[in-house]
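Student: Quick mapping for you: the protein sequence lines, in order, are chains C and Y. Position 102 (the first sequence) corresponds to 101 in numbering that gives the first Met the number 0; numbering is contiguous. Position 176 (the second sequence) corresponds to 175 in numbering that gives the first Met the number 0; numbering is contiguous. Provided herewith is a single structure, encoded as structure tokens, for subsequent inquiry.
2 protein chains.
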Amino acid sequence: MATKTRLPDSEGQIISAAGRAARVDERLNHALAVHLSKLTPITFLERSAVTFADKAAVVYEDQQYNYAEFRRRVHRLASALRRAGIEPGDRIAYLAPNIPAMLEAHFAAPLAGAILVAINIRLNSNEIAYILNHSGAKLLVADSELASLLAPVSAQLSATRQFVIVRDTPAESPHQSPLGGPVYEDYEDFLATGEDEFEDVRLDDENDAISVNYTSGTTGKPKGVIYTHRGAYLNALGVTEMLEVQSRSNYLWIVPMFHCNGWCFPWGVTAMGATHICVRRPDPEKILEAIRKRRVTHFCGAPTVLTSLLHHPAARAYRLDHPLRAATGGSPPSPALIRDGERFGMEIVHLYGLTETYGPFTFCEWRAEWDGKELAERARIKALQGVPHVLSGTGLRVVDSQMRDVPADGRTLGEIVMRGNNVMKGYYQDPKATAEAFRGGWFHSGDLAVLHPSGYVEIRDRKKDIIISGGENISTQEVEKALCDHADVLEAAVIAVPDGKWGEVPKAYVTLKPGRETTERDILEFCRQKLAHFKCPKTVVFGPLPKTSTGKVKKFELRERDWAGYDKKVH
Amino acid sequence: MATKTRLPDSEGQIISAAGRAARVDERLNHALAVHLSKLTPITFLERSAVTFADKAAVVYEDQQYNYAEFRRRVHRLASALRRAGIEPGDRIAYLAPNIPAMLEAHFAAPLAGAILVAINIRLNSNEIAYILNHSGAKLLVADSELASLLAPVSAQLSATRQFVIVRDTPAESPHQSPLGGPVYEDYEDFLATGEDEFEDVRLDDENDAISVNYTSGTTGKPKGVIYTHRGAYLNALGVTEMLEVQSRSNYLWIVPMFHCNGWCFPWGVTAMGATHICVRRPDPEKILEAIRKRRVTHFCGAPTVLTSLLHHPAARAYRLDHPLRAATGGSPPSPALIRDGERFGMEIVHLYGLTETYGPFTFCEWRAEWDGKELAERARIKALQGVPHVLSGTGLRVVDSQMRDVPADGRTLGEIVMRGNNVMKGYYQDPKATAEAFRGGWFHSGDLAVLHPSGYVEIRDRKKDIIISGGENISTQEVEKALCDHADVLEAAVIAVPDGKWGEVPKAYVTLKPGRETTERDILEFCRQKLAHFKCPKTVVFGPLPKTSTGKVKKFELRERDWAGYDKKVH
Numbered sequence: 000m001a002t003k004t005r006l007p008d009s010e011g012q013i014i015s016a017a018g019r020a021a022r023v024d025e026r027l028n029h030a031l032a033v034h035l036s037k038l039t040p041i042t043f044l045e046r047s048a049v050t051f052a053d054k055a056a057v058v059y060e061d062q063q064y065n066y067a068e069f070r071r072r073v074h075r076l077a078s079a080l081r082r083a084g085i086e087p088g089d090r091i092a093y094l095a096p097n098i099p100a101m102l103e104a105h106f107a108a109p110l111a112g113a114i115l116v117a118i119n120i121r122l123n124s125n126e127i128a129y130i131l132n133h134s135g136a137k138l139l140v141a142d143s144e145l146a147s148l149l150a151p152v153s154a155q156l157s158a159t160r161q162f163v164i165v166r167d168t169p170a171e172s173p174h175q176s177p178l179g180g181p182v183y184e185d186y187e188d189f190l191a192t193g194e195d196e197f198e199d200v201r202l203d204d205e206n207d208a209i210s211v212n213y214t215s216g217t218t219g220k221p222k223g224v225i226y227t228h229r230g231a232y233l234n235a236l237g238v239t240e241m242l243e244v245q246s247r248s249n250y251l252w253i254v255p256m257f258h259c260n261g262w263c264f265p266w267g268v269t270a271m272g273a274t275h276i277c278v279r280r281p282d283p284e285k286i287l288e289a290i291r292k293r294r295v296t297h298f299c300g301a302p303t304v305l306t307s308l309l310h311h312p313a314a315r316a317y318r319l320d321h322p323l324r325a326a327t328g329g330s331p332p333s334p335a336l337i338r339d340g341e342r343f344g345m346e347i348v349h350l351y352g353l354t355e356t357y358g359p360f361t362f363c364e365w366r367a368e369w370d371g372k373e374l375a376e377r378a379r380i381k382a383l384q385g386v387p388h389v390l391s392g393t394g395l396r397v398v399d400s401q402m403r404d405v406p407a408d409g410r411t412l413g414e415i416v417m418r419g420n421n422v423m424k425g426y427y428q429d430p431k432a433t434a435e436a437f438r439g440g441w442f443h444s445g446d447l448a449v450l451h452p453s454g455y456v457e458i459r460d461r462k463k464d465i466i467i468s469g470g471e472n473i474s475t476q477e478v479e480k481a482l483c484d485h486a487d488v489l490e491a492a493v494i495a496v497p498d499g500k501w502g503e504v505p506k507a508y509v510t511l512k513p514g515r516e517t518t519e520r521d522i523l524e525f526c527r528q529k530l531a532h533f534k535c536p537k538t539v540v541f542g543p544l545p546k547t548s549t550g551k552v553k554k555f556e557l558r559e560r561d562w563a564g565y566d567k568k569v570h
Numbered sequence: 000m001a002t003k004t005r006l007p008d009s010e011g012q013i014i015s016a017a018g019r020a021a022r023v024d025e026r027l028n029h030a031l032a033v034h035l036s037k038l039t040p041i042t043f044l045e046r047s048a049v050t051f052a053d054k055a056a057v058v059y060e061d062q063q064y065n066y067a068e069f070r071r072r073v074h075r076l077a078s079a080l081r082r083a084g085i086e087p088g089d090r091i092a093y094l095a096p097n098i099p100a101m102l103e104a105h106f107a108a109p110l111a112g113a114i115l116v117a118i119n120i121r122l123n124s125n126e127i128a129y130i131l132n133h134s135g136a137k138l139l140v141a142d143s144e145l146a147s148l149l150a151p152v153s154a155q156l157s158a159t160r161q162f163v164i165v166r167d168t169p170a171e172s173p174h175q176s177p178l179g180g181p182v183y184e185d186y187e188d189f190l191a192t193g194e195d196e197f198e199d200v201r202l203d204d205e206n207d208a209i210s211v212n213y214t215s216g217t218t219g220k221p222k223g224v225i226y227t228h229r230g231a232y233l234n235a236l237g238v239t240e241m242l243e244v245q246s247r248s249n250y251l252w253i254v255p256m257f258h259c260n261g262w263c264f265p266w267g268v269t270a271m272g273a274t275h276i277c278v279r280r281p282d283p284e285k286i287l288e289a290i291r292k293r294r295v296t297h298f299c300g301a302p303t304v305l306t307s308l309l310h311h312p313a314a315r316a317y318r319l320d321h322p323l324r325a326a327t328g329g330s331p332p333s334p335a336l337i338r339d340g341e342r343f344g345m346e347i348v349h350l351y352g353l354t355e356t357y358g359p360f361t362f363c364e365w366r367a368e369w370d371g372k373e374l375a376e377r378a379r380i381k382a383l384q385g386v387p388h389v390l391s392g393t394g395l396r397v398v399d400s401q402m403r404d405v406p407a408d409g410r411t412l413g414e415i416v417m418r419g420n421n422v423m424k425g426y427y428q429d430p431k432a433t434a435e436a437f438r439g440g441w442f443h444s445g446d447l448a449v450l451h452p453s454g455y456v457e458i459r460d461r462k463k464d465i466i467i468s469g470g471e472n473i474s475t476q477e478v479e480k481a482l483c484d485h486a487d488v489l490e491a492a493v494i495a496v497p498d499g500k501w502g503e504v505p506k507a508y509v510t511l512k513p514g515r516e517t518t519e520r521d522i523l524e525f526c527r528q529k530l531a532h533f534k535c536p537k538t539v540v541f542g543p544l545p546k547t548s549t550g551k552v553k554k555f556e557l558r559e560r561d562w563a564g565y566d567k568k569v570h
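Okay, structure coming up:
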């Protein structure tokens, strides 16, 4: 019952959970008219801590806590942050996998008025130091396994003075300083310095920053993408509406929370009062175990995550006995993946977005009339990036270089541009890059797409990935799709390589399915049956593909090999 | 396909449905930063006209049109309104049942920047004239069956100069002026003066008014409750989330759209791309027919509507073969109603709100742990008004006269107060009433409730309905609930009547189930077994209950009879 979390107020009066939530509301909105309240994800947790006080909020390994406890830990953390000198507008950084502390950060940072900087844990020490310095984060919370990344660069840090270590893995010795120097505090000890009820809630404007997410930065330095309270609130509602997350849902954490704040699901899943299932390392065995044991109803992950799950020996024999919806983005799901997903019993939802759009901005909203279509046709449709979700609304166009809408003919290539509440406020302390990205009053995605007569968009390539061969444009994605139709191919990446005659020609990197064998010649023959000859790769290289922490193929790495010695800029 | 709705732009270029939606977006947000778009329900229709272009948007009798056509009619109407001299900020009034023209008004009025005043069609001529004059509506759209209400008062109208008649019923003679004087235009002719694409979209601020809804005004003159674009947008998302309306849903129109703008469902159902099923008169036969033929998945209605549906002879034998969720409010559903609903195969959701809160503000959010409970216990829980829905968030308190939160003990009575984005902006041109309603920075509902330890609120009475008998408070709702537990009772209303000894005592008005008979003595005996003696009615009157157009019992009418000759103010 909620009663057990009742606390005396300043006059010693016992106030209820509902009364305490209303107090946070009053502090957030004290200067506003009665008909206005600030849009902020803070209220999601406050509401769920009343409505779902006793319900499982967070499940992690053999730990579990309910929404009342989730709120208490968040309030303690916010209170501890303020005591540690964190004031509204200050940045605090996190370096952690999808553990409960990361979820807590998504509410405690805004509650304290701080701006969350969740750093990609696959970066190297120098990259991490760059982000800490660029964001000016005063405090860093790091997982004990990752804290050692800080040791070599701790002297270079210009603003970060306080360190909190989450001792999540028991193997860690409690006496050893993982930072190799700086003084640090244990996360649970740090929480203990806070109070169950954080009183100093301040938020000037719903358009104030809630987080800064650094892009992976394949060219130049990473840029800090600013999210606002309003944008986070609205996109969180958008993504849960899109996937139909409800209070009975069990959401499995695969997409890292340091990636676009986990596509806004830390906030959305909490809003719905659903259960967060945290996993430190989401390998196929762990995912399968969670699906079985925790009856996972939703997760998000790159197609490569889905592929490795569905191709795992243990998954092949397994058939789901409950509904499961998996959202995927980054690259379109292949027909084979959709088929394998259906066999497994999961529904795959294809979505699209960028760090600059709070994660998912569009999805392939499924129409009832498509239900009865053949797999191949369903797969073709599912590969579309689709339409803006309800909260993205009308803020998407496909335009030519003069910002004119391209015709909805499924052929004319244009750039996807977006605007609205779930487009970033700008790049942190980078007005030049912001102005460039926002030219013409729209955010330029750099993704080249066609608009189908149905109104659905389909990305044909990254602007920088397009191959220009003998004056013809070749979409690397089109070639990759053709390669993936080959029965032996698991994954493929196509890049442009220099060619004396044509300028550029396509080259394919291919990973075969386990136990399969084939030849370059066979692959090329197959392509020639499916594609115009000029689109076919000239060479095929077999082997694993280099990938980013979020499962995207690092094409720039492939390109570097082939373009070494050439003048052309490596993207 | 959306292609068939493509139109040439001003330069003769063919632009797509998606391109046109983005143009509306640009006009709405032209002066805003890239990361901001105004929250307005306009974008719901624009998005659905792309995503669900070919899907049934509105079904009415043997008519049906898709979202592309719905948008076209709305744009034509907005364009016709502008041509007729309606400028942003002007009020336009409607007098119509739940026909498609009413749905169109909910998008065309805001698109043209006008403020919609949907008038209760059960009012008399003078009341209608009062609202037209108070709101200063320049134009009135009236259903031909209702237009005759205007005839006796047309000379009294101070601002309304233009009349448009919807000829929905074929019996109407086309040559007769239903207004008995004023010149009028036929609705379809009026639409024909507009263009398929309305170009002059203007909206200064998302907090500008979208509609004014006049309260039923049982005391004094009706007050005009102002809704904003932002509030309508957010509450529309709240109510669809609450009922889980999705693109495959079929929503049946029972709650009148002139009542809190149909609880915001005109906007919410459109946002989801679901299908609106319009019905002119939602009698039980019509409702049943729609449920069967149109596979209705959702509807909203007062408990009396549900009762008359479930007690209809044709419903008794009928069992649903598809999911149906019915939301009810105004008074709590009785255990018998919940049982009958379950037998029929529908899930009943209990919600609560007022005109001043855009309709539903809270609902009894169902927890999985309650699934296995006995009917009586489930019914007891379902009767709670519950918790704020996700978009209402944290904006609700139960407070004593000093605005202190009451303890969550399920016993201490306090008043429900609310604030936030789905609380009205104020009463139209009535700053005094607004200030009174908003005293202390919260909207005062006038509803007396307890807060349960679970955090759920339960209304015990309207402030003005409470009976004070010998110094004891008696909740009329508690007595009514006890009466409804009697096997022969269909409905009951309890009021205070004057008493020489006790000051006030309860008196019951009871309607029996068809074919049932019982005596006053039997009813009183039954009450004494269930309630403290002082709470039992002293008299029981049998017969039908007088009701408002929205199905609420008109207690003031009952009171008038009993309080005639007394000093006490008739509420």
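A virtual CB, placed ideally from N, CA and C, is assigned to each residue, including glycine.
(1) Taking the alpha-carbon of His451 (chain Y) as reference, which of Y:Ile98, Y:Ala382, Y:Gln428, Y:Val493 has the nearest alpha-carbon?
(2) For Glu60 (chain Y), count the other beta carbons within 10 Å of its own beta carbon; 16 or more makes it buried, fewer makes it exposed. Which is it?
(3) Helix, strand or coil, according to DSSP, for Lys554 (chain Y) in the structure here?
(4) Would you decide whether Ala92 (chain Y) is buried or exposed? Buried here means 16 or more other CB atoms lie within 10 Å of its CB.
(5) Checking contacts by CB at 8 angstroms: is Met241 (chain C) closer than that to chain Y?
(6) Apply the 10 Å Cβ neighbour rule to Leu148 (chain Y) and answer buried if 16 or more other Cβ atoms are within range, or exposed otherwise.
(7) In three-state DSSP terms, what is His105 (chain Y)?
(8) Closer than 7 angstroms by C-beta to Glu519 (chain C): which residues in its own chain qualify, once you throw out the five before and the five after it? Chain order, please.
(9) With 16 other CB atoms within 10 Å as the buried threshold, where does His532 (chain C) fall?
(10) Please state whether DSSP places Pro402 (chain Y) in a helix, a strand or coil.
(11) My output table needs one value for Cys535 (chain C): the three-state DSSP class, helix, strand or coil.
(12) Give every residue of the same chain whose Cβ lies closer than 7 angstroms to the Cβ of Phe525 (chain Y), excluding the five residues on either side of it in the sequence, and list them in chain order.
(13) Provide the residue span of the alpha helix (DSSP H) that contains Lys529 (chain Y), from first to last.
(14) So, does the CB of Ala270 (chain C) fall closer than 8 angstroms to a CB anywhere in chain Y?
(15) Looking at Arg279 (chain Y) and Asn249 (chain Y), is the spacing between their C-beta atoms short of 8 angstroms?
(16) Alpha helix (DSSP H) containing Leu374 (chain C): first to last residue?
(17) Indicate whether Thr227 (chain C) and Ile209 (chain C) have their beta-carbon atoms separated by less than 8 angstroms.
(18) Fully enclosed by the region 82-141 of chain C, which beta strand (DSSP E) runs are 3 residues long or longer?
(19) Interface residues of chain Y around Asp24 (chain C) at Cβ under 9 angstroms?
(20) Find the residues of chain C that neighbour Thr594 (chain Y), judging by a C-beta separation of less than 7 angstroms, and give them in chain order.
(21) Residues of the region 449-465 of chain Y with a CB closer than 7 angstroms to any CB of chain C: list them in chain order, please.
(22) Which term fits Glu355 (chain Y), buried or exposed, when burial requires 16 or more other beta carbons within 10 angstroms of its beta carbon?
(23) Between the region 346-366 of chain Y and chain C, which residues of the former have CB atoms less than 8 angstroms from a CB of the latter, in chain order?
(24) Below 8 angstroms on the Cβ atoms is my contact criterion, and I expect Glu364 (chain Y) with Thr50 (chain C) to pass it. Report the Cβ-Cβ distance as a whole number of Å.
(25) Measuring alpha carbon to alpha carbon, tell me which residue in Y:Asp89, Y:Glu556, Y:Ile458, Y:Phe197 is nearest Leu76 (chain Y).
(26) If we call anything under 8 angstroms between Cβ atoms a contact, is Glu414 (chain C) one with Ile466 (chain C)?
(27) What span of residues does the beta strand (DSSP E) with Cys277 (chain C) cover, start to end?
(28) For the putative contact between Val23 (chain Y) and Thr393 (chain C), defined by C-beta atoms under 8 angstroms, what is the C-beta separation to the nearest angstrom?
Tutor: On the basis of the coordinates in this document:
(1) Taking the second sequence and counting its residues from 1, the one referred to as residue 451 (chain Y) is at position 452. The candidate whose alpha carbon is nearest that of His451 (chain Y) is Y:Ala382.
(2) One-based indexing of the second sequence puts residue 60 (chain Y) at position 61. Its Cβ having fewer than 16 others within 10 Å, Glu60 (chain Y) is exposed.
(3) Stepping through the second sequence from its first residue, residue 554 (chain Y) is reached at position 555. Three-state DSSP puts Lys554 (chain Y) in a helix.
(4) Here residue 92 (chain Y) corresponds to residue number 93 of the second sequence, with the count starting at 1. Taking a 10 Å sphere around the C-beta of Ala92 (chain Y), we find 16 or more other C-beta atoms and assign the residue as buried.
(5) Position 242 of the first sequence holds residue 241 (chain C). No, its Cβ sits nowhere closer than 8 angstroms to a Cβ of chain Y.
(6) Here residue 148 (chain Y) refers to the residue found at position 149 of the second sequence. A buried status is given to Leu148 (chain Y), since no fewer than 16 other beta-carbon atoms sit within 10 Å of its beta-carbon.
(7) Position 106 of the second sequence, counted from the start, is the residue given in the question as residue 105 (chain Y). DSSP places His105 (chain Y) in helix when its eight states are reduced to three.
(8) Counting from 1 along the first sequence, the entry for residue 519 (chain C) is found at position 520. Once the five neighbours on either side are set aside, the close Cβ partners of Glu519 (chain C) are Val539.
(9) As a working mapping, residue 532 (chain C) is identified with position 533 in the first sequence. Exposed is the call here.
(10) To locate residue 402 (chain Y), count along the second sequence from 1; it is residue 403. In the sequence under discussion, the amino acid at residue 402 (chain Y) is Met, which differs from the Pro named in the question. The three-state reading of DSSP puts Met402 (chain Y) in coil, since its state is none of H, G, I, E or B.
(11) Position 536 of the first sequence, counted from the start, is the residue given in the question as residue 535 (chain C). Coil at Cys535 (chain C), not helix or strand.
(12) Here residue 525 (chain Y) is taken as the residue at index 526 of the second sequence, counted from 1. Here the set comprises His485.
(13) Mapped onto the second sequence, residue 529 (chain Y) falls at position 530. Run containing Lys529 (chain Y): 519-529, per the alpha helix (DSSP H) assignment.
(14) Mapped onto the first sequence, residue 270 (chain C) falls at position 271. The beta-carbon of Ala270 (chain C) is placed less than 8 angstroms from the nearest beta-carbon of chain Y.
(15) Stepping through the second sequence from its first residue, residue 249 (chain Y) is reached at position 250. Stepping through the second sequence from its first residue, residue 279 (chain Y) is reached at position 280. Cβ atoms of Asn249 (chain Y) and Arg279 (chain Y): not closer than 8 angstroms.
(16) Residue 374 (chain C) sits at position 375 when you count from the first residue of the first sequence. Boundaries of the alpha helix (DSSP H) harbouring Leu374 (chain C): 374-381, taken from the DSSP string.
(17) Sequence index remark: in the first sequence, residue 227 (chain C) carries index 228 (1-based). Sequence index remark: in the first sequence, residue 209 (chain C) carries index 210 (1-based). Contact flag set, yes.
(18) The region 82-141 of chain C contains these whole beta strand (DSSP E) runs: 90-94, 114-117.
(19) As a working note, residue 24 (chain C) is residue 25 in the first sequence. Within chain Y, the residues near Asp24 (chain C) are Gly392, Thr393, Gly394, Leu395, Arg396, Arg418, Gly419.
(20) Residue 594 (chain Y) falls outside the range modelled here, since chain Y spans only 0 to 570, and no answer is possible.
(21) Result list: Leu450, Pro452, Ser453, Gly454.
(22) In the second sequence, residue 355 (chain Y) corresponds to position 356, counting from 1. By the C-beta density criterion, Glu355 (chain Y) is buried, having at least 16 other C-beta atoms within 10 angstroms.
(23) Under the 8 angstroms Cβ criterion, the region 346-366 of chain Y contributes Glu364, Arg366.
(24) Here residue 364 (chain Y) refers to the residue found at position 365 when the second sequence is read from its first residue. Here residue 50 (chain C) refers to the residue found at position 51 when the first sequence is read from its first residue. The pair is a contact, with the Cβ atoms about 6 angstroms apart (cut-off 8 angstroms).
(25) For the purposes of this step, residue 76 (chain Y) is taken as residue 77 along the second sequence, with counting starting at 1. The shortest Cα separation from Leu76 (chain Y) among Y:Asp89, Y:Glu556, Y:Ile458, Y:Phe197 belongs to Y:Phe197.
(26) In the first sequence, the residue the question calls residue 414 (chain C) occupies position 415. In the first sequence, the residue the question calls residue 466 (chain C) occupies position 467. Not in contact: Glu414 (chain C) and Ile466 (chain C) (Cβ atoms no closer than 8 angstroms).
(27) Along the first sequence, read from residue 1 onward, the residue named residue 277 (chain C) stands at position 278. Secondary structure note for Cys277 (chain C): its beta strand (DSSP E) is the uninterrupted segment 274-277.
(28) One-based indexing of the second sequence puts residue 23 (chain Y) at position 24. One-based indexing of the first sequence puts residue 393 (chain C) at position 394. Rounded, the Cβ-Cβ distance is 6 angstroms, consistent with contact.
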